[in-house]
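Take 187 as the starting number for the sequence shown in this note's numbering and just add one per residue. Ideal Cβ positions, reconstructed from N, Cα and C, are used throughout, including at glycine. In this text, all values refer to a predicted model and were calculated from it rather than measured experimentally. Data block below; observations after.
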Amino acid sequence: MTGGTTTTNNNLLLLLYLSVLITTLFAVVSNAAFNLSTITFDDGYTPLFADFNIKKSDDGRAANLHLNKYAGSGFISSQYYDYGFFSSKIKLPGDYTAGVVVAFYTSNGDVWEKTHDELDIEFLGNLKGKPWRFQTNMYGNGSTSRGREERYRLWFDPTKDFHQYSILWTRKNIIFYVDNVPIREIVRNEAMGSDYPSKPMSLYATIWDASSWATAGGKYKVKYEFEPFVSEFTDFVLDGCPVDPIEQVAGTTSASDCTAKKDEIENKDYSQITPGGQKAMKWFREKYMYYSYCYDTVRYPVPPPECVIVASEQEKFKETGRLKFGSIPKRQRRRKGRGRRQSNNVVVKELQANM
Ligand SMILES: *[C@@H]1O[C@H](CO)[C@@H](O)[C@H](O)[C@H]1NC(C)=O
């Protein structure tokens, strides 16, 4: 996609460069992102733990979560939602962050300890200078023995700027987004049964010490000489039907209360992946996904029922669900140049423009 050219004609190259530049400029203008309305922290959230490590901005539209030697920190939505779209712009801590995990996820584990549902985006800290990695996951009705992890890298450095991360959860599908690029879709089918999350969930954002597993399987721990580790959140979006989870599931509130809202969400632009969005998702998954449970036949000889086996993805993975040529190609890992990263940005902007 970065396309080497063999022509030595400088004029041609210049023309090509200009046309890419112009396409990119138009791409940015015409890339009508989802029409989202953002809320303040207090409109939608409340501290979850270690209030002293949560720093809200003066206008209440942003909040920083700190991790220091005393504690991590986290916030939670004040309401439970019966399906919805959950989103925030996030800027991750930079430099040495091994052992640090920043999580943005939905769950109802506080209400249903044994039969909880969960949808995760988890950023896994790293050694200074290494690219951040992250994973997505899903649990339904306590299916904790059936992890559905996928792991990826990003096409940008998430510690330099804010980027938008979103979780869509409807009765029909689940989509994880990074900057409006769909990176994973789970389409509900009957065979999944209650492994598909279906009870009201709240949104959580946390930063915590996961020294035991986060970085190289726990090899690198959090180093508190680099504290505080700060993850910044802004542009909060919570769109869903707020409910009392117990009443909702017990059927004591009228189920129709939420039907209109569920229908509304299912008809939003972010609930359908356009052909252009499919193309962008394919691009992302082929280039940045380095583990998928769907290709891990050691763990799941029969892939779980929601898995869609894509030949172009599958051929990159071993039967452990890991990439055939090491988890991350060394050449890319070591590459310092801005060139590759910038050309990936051009590619992704073009893809976004056609979504
Ligand atoms: C969820 O799991 C519990 C306990 O195993 C079970 O009783 C219940 O029927 C399950 N719920 C659904 C919707 O299948």
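Which residues DSSP lists as bridging residue i, in chain order
i: W355; result: G270 and I360
i: R370; result: F362
i: I135; result: Beyond the ends of the chain as shown, which are 187 and 541, falls residue 135; an answer cannot be given.
i: V286; result: D395
i: E418; result: N250 and K277
i: Q350; result: K275
i: L292; result: Here residue 292 is Thr; the residue named in the question, Leu, does not match the sequence. L305 and L389, per the DSSP bridge assignment.
i: S529; result: None, per the DSSP bridge assignment.
i: G507; result: DSSP, once it has assigned bridges, lists no residue as partnering G507.
i: G426; result: G270
Whole-number beta carbon distance between residue j and residue i, since they are thought to touch under 8 Å
i: F272; j: N366; result: At roughly 15 Å, the Cβ-Cβ gap does not stay under 8 Å, so F272 and N366 are not in contact.
i: W394; j: L253; result: 7 Å
i: P489; j: C480; result: 5 Å
i: Y291; j: D281; result: Contact doesn't hold; Cβ gap of about 25 Å is too wide.
i: A400; j: V496; result: Contact flag wrong, Cβ pair sits at about 28 Å.
i: Q350; j: D421; result: 7 Å
i: D303; j: S384; result: 7 Å
8 Å CB neighbourhood of residue i in its chain, flanking five on each side removed
i: L537; result: V367, G462, K465, A466 and W469
i: N423; result: The amino acid occupying residue 423 in the given sequence is Val; Asn does not appear at that position. Same-chain partners within the cutoff: L222, S223, T224, I225, F271, F272, S273, S274 and S352.
i: S498; result: K468 and E472
i: Y476; result: R319, R337, Y338, R339, R508, L509, S513 and I514
i: R520; result: Note on R520: pLDDT 44, under 50, position unreliable in the model; the coordinate value appears next. Answer for R520: no residue qualifies.
i: N531; result: W341 and F342
i: Q500; result: Y481
i: K502; result: E472, L509 and K510
Residue i vs residue j beta-carbon contact at 9 Å
i: G426; j: I459; result: no
i: T301; j: G270; result: no
i: T345; j: P279; result: yes
i: R471; j: I369; result: yes
i: R337; j: S478; result: yes
i: Y363; j: Y456; result: yes
i: A284; j: K409; result: yes
i: Q321; j: V429; result: no
i: P542; j: N294; result: The first residue shown for the chain is 187 and the last is 541, placing residue 542 beyond what the model contains.
i: T226; j: I262; result: no
i: T356; j: K448; result: yes
i: K473; j: W341; result: yes
i: W318; j: R334; result: no
i: G437; j: S380; result: no
i: A396; j: L310; result: yes
Own chain, CB closer than 6 Å to residue i, minus 5 neighbours either side, in chain order
i: E418; result: N250 and K277
i: F348; result: K275 and K277
i: V297; result: P431
i: V373; result: N359
i: K504; result: K510
i: I361; result: L354, P368 and E371
i: K242; result: F227 and A249
i: L234; result: G260, F261 and I262
i: N540; result: G462
i: S178; result: What the structure shows of the chain is the stretch from 187 to 541, and residue 178 is not part of that stretch, so it cannot be assessed.
i: K407; result: G285 and S397
i: V416; result: N250, H252 and P279
Segment limits, beta strand (DSSP E) that includes residue i
i: A436; result: A436 -> not in any beta strand (DSSP E); alpha helix (DSSP H) instead, spanning P431 to A436.
i: G321; result: Here residue 321 turns out to be Gln, not Gly, going by the sequence shown. Taken as a continuous stretch (DSSP letters only), the beta strand (DSSP E) holding Q321 covers R319 to Y325.
i: Y410; result: Looking at the DSSP string, Y410 is not in any beta strand (DSSP E), and its letter there is neither H nor E.
i: L305; result: E304 to L310
i: Y486; result: Here Y486 belongs to no beta strand (DSSP E), and DSSP marks it neither H nor E.
i: E336; result: E336 to R339
i: K242; result: I240 to K242
i: L251; result: A248 to L253
Same chain only: Cβ atoms within 7 Å of residue i, ignoring 5 sequence neighbours per side
i: A236; result: A257, G258 and S259
i: S398; result: G404
i: T192; result: With a pLDDT of only 44 at T192, under 50, the local geometry of the prediction cannot be trusted, and the value read off the model is given with reservation. No residues qualify anywhere along the chain.
i: T506; result: D482 and V484
i: N375; result: P491 and E492
i: Q434; result: D268 and P386
i: I240; result: P233, A249, L251, S259 and F261
i: K314; result: D281 and Y282
i: R332; result: D381 and P490
i: G230; result: S263, S264, F422 and L424
i: M378; result: P491 and E492
Residue range of the alpha helix (DSSP H) that includes residue i
i: E499; result: A497 to Q500
i: E472; result: P461 to Y474
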